[in-house]
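Below is one structure, written out as C-alpha cells; the observations come after it.
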Amino acid sequence: MKVVAVGPEMTLEVREVLDPEPEEGQVVVDVAACGICGSDLHMLPSGVLPEGSVLGHELAGTLARVGTGVEGWSEGDRVCVYPFAPVDRVDIPLAMASGIGLGTHDGGYAERMVCDAEMLWRLPDEIELEHGALVEPLAVGLHGIDVSGAEPGQPVCVLGCGPIGAMTLVGLLGRGFEDVVVVEPNPQRRELASRLGAPRVAASSENVHEAVLEALGGRAPEVVIECAGHVSAPGLAVELVAPEGTIALVGMLEEPVPISQLNVMLKEAVLRGSFAYRPRDFDEAVAMIAAGSVPVEQLVTSRHPLEDAAACFAELVRPGTEELKILLTP
-8 MKVVAVGPEM TLEVREVLDP EPEEGQVVVD VAACGICGSD LHMLPSGVLP
42 EGSVLGHELA GTLARVGTGV EGWSEGDRVC VYPFAPVDRV DIPLAMASGI
92 GLGTHDGGYA ERMVCDAEML WRLPDEIELE HGALVEPLAV GLHGIDVSGA
142 EPGQPVCVLG CGPIGAMTLV GLLGRGFEDV VVVEPNPQRR ELASRLGAPR
192 VAASSENVHE AVLEALGGRA PEVVIECAGH VSAPGLAVEL VAPEGTIALV
242 GMLEEPVPIS QLNVMLKEAV LRGSFAYRPR DFDEAVAMIA AGSVPVEQLV
292 TSRHPLEDAA ACFAELVRPG TEELKILLTP
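So, in C-alpha cells, the structure goes:
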C-alpha cells in the first residue's frame, strides 16, 4: 500500500509498504480522507520525527479488518479516529505514547492504518465519509471554548482564522454565541470568517484595539481565544481582554512569547492552555456535523492524492495562501 513517509532529510516521500496487520484489540482502517494539520507542518522540519514515520491524525474511513478481542465493530463500519487514548484528563505522556501520526505510531497519510479499537468513533449516515476528517479539528475548537469558560451573551474575540480559528468560530456560532469578533491579518481569511457567519471581523493592524471595541459595541471581550499560534498573539490577547477576563491559548507555539505581566496583574486576567480535546468534544463535533450546522465545503478548500502531500505542505506554509483545510484522499 502507499504511505507518505518522513524522508531522511525531513521531507515527505511516497513509499510502498506492507499492509498493516491488526494485533489483539486493534483494527485496520481504509482511509477515505486525512486532513493536514498545522501541527504536522511544525513537526516535519523540527527533526523529532523518525525517518519512515507516517503523519496524519485527522482521518475518517471504513474498517477493513477487525482484530481479535474487538467487540461492537465490524468490517465496513464508517468511523473517524480519536488519535490517542481517549481519556477525560490531561495526560501528555499517554497521548504521546498512544498517539498516531506523532512519530510513535503511523498515522493517516496512507491508504490504510492500524489503531486501537478504543480510538474509533462511529460516523452516522448523515455525515459524508470524508467529512468525518473534520471531527478532530472541530473538537479542538470546541475544547478551546470549554476551557475559556465562555458563555453565550459574553463578548468573545477569536485571534486568527486559520483552520483552528475557523473551527472555533463555527463552534461558537453553533452554541449560540452572537457577540463574536474575529481578528485576522490575511484578507482572504477575513473574508472566509465573514462567509462562515462571523458577526464581526477585524484586521490585526495598529488600530486593532479600537476595531475590536467598535465591533463589540464598546465592550472589551470578556473572553479571548488565541488560535493564531503567532509569537505576538498571546501579548495581544492580554491587551484586548477585559478586566477579570479569560484567555484560552489554543494556538501551538514553542518559542517564548512576550506578555505584559503588569497588564495580566492589573486586569486580574486568567490565562489557560487548551490541549487537544476530550471524548465529549468528539461527541459534540460528530453531532454538529451530522446536524448540518458545520459548513464543511467552506472549510475544506481542496482535496489531493497522497502524491501531492509535499506540495500541499509547501502551499500551506506560503504567506498569503488561500488554502485552509486540505484533505489528502488516498
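By this note's numbering, the letter at position 182 of the sequence shown is numbered 173, and the numbering carries on one by one without gaps.
We put the CB at the ideal spot given by N, CA and C, even for glycine.
Determine the contact status of residue i and residue j, defining contact as a CB-CB distance below 8 Å.
i	j	result
ALA124	CYS25	yes
ALA76	LEU120	no
CYS218	LEU319	no
VAL199	ILE216	no
CYS71	GLU14	no
VAL203	CYS152	no
ALA260	GLY236	yes
VAL285	VAL161	yes
ARG56	GLU66	yes
TYR73	MET34	no
GLY99	GLY47	yes
ALA141	LEU187	no
What does the alpha-carbon distance come out to for the pair residue i and residue j?
i	j	result
LEU244	GLY94	19 Å
GLU117	ILE280	8 Å
VAL173	VAL192	5 Å
ARG269	GLY60	25 Å
THR312	GLU306	7 Å
LEU164	ARG180	17 Å
GLY264	LEU183	26 Å
ILE317	PRO115	23 Å
LEU238	PRO178	Looking at the sequence provided, one finds Ile at residue 238 rather than Leu. Answer to the nearest angstrom: the Cα atoms are 24 Å apart.
GLY38	ALA(-4)	14 Å
GLY58	ARG271	26 Å
GLU169	SER185	13 Å
SER251	ARG294	42 Å
Tell me, please, which residues DSSP counts as bridged to residue i.
i	result
ILE317	SER293
ASP107	GLN17
HIS122	Per DSSP, none; premise fails for HIS122.
GLU4	ALA(-4)
ILE91	HIS96
ARG113	VAL70
ALA301	In DSSP, ALA301 forms no bridge with anything.
ARG181	Per DSSP, none; premise fails for ARG181.
ARG191	VAL172
ALA101	VAL(-6)
At which residue ranges does the stretch 198 to 272 contain complete alpha helix (DSSP H) runs of 4 or more residues, listed in the order of the chain?
-> 199 to 206, 224 to 231, 252 to 258
Return the chain-ordered ranges of every alpha helix (DSSP H) run that is complete within the stretch 14 to 77 and spans a minimum of 4 residues.
-> 29 to 37
Which residue spans inside the stretch 133 to 159 form an unbroken beta strand (DSSP E) run of at least 3?
-> Look at the stretch 133 to 159 and you find these whole runs of beta strand (DSSP E), each 3 residues long or longer: 147 to 150.
Inter-stretch contact at 8 Å, needing at least 3 Cβ pairs: the stretch 263 to 281 / the stretch 297 to 307 = Flag = no, the stretch 263 to 281 and the stretch 297 to 307 do not touch.
Check whether the stretch 1 to 20 touches the stretch 100 to 113, taking contact to mean three or more Cβ pairs, one atom from each stretch, closer than 8 Å.
-> yes
Does the stretch 27 to 46 come within contact of the stretch -1 to 12, defined as at least 3 CB pairs closer than 8 Å?
-> yes
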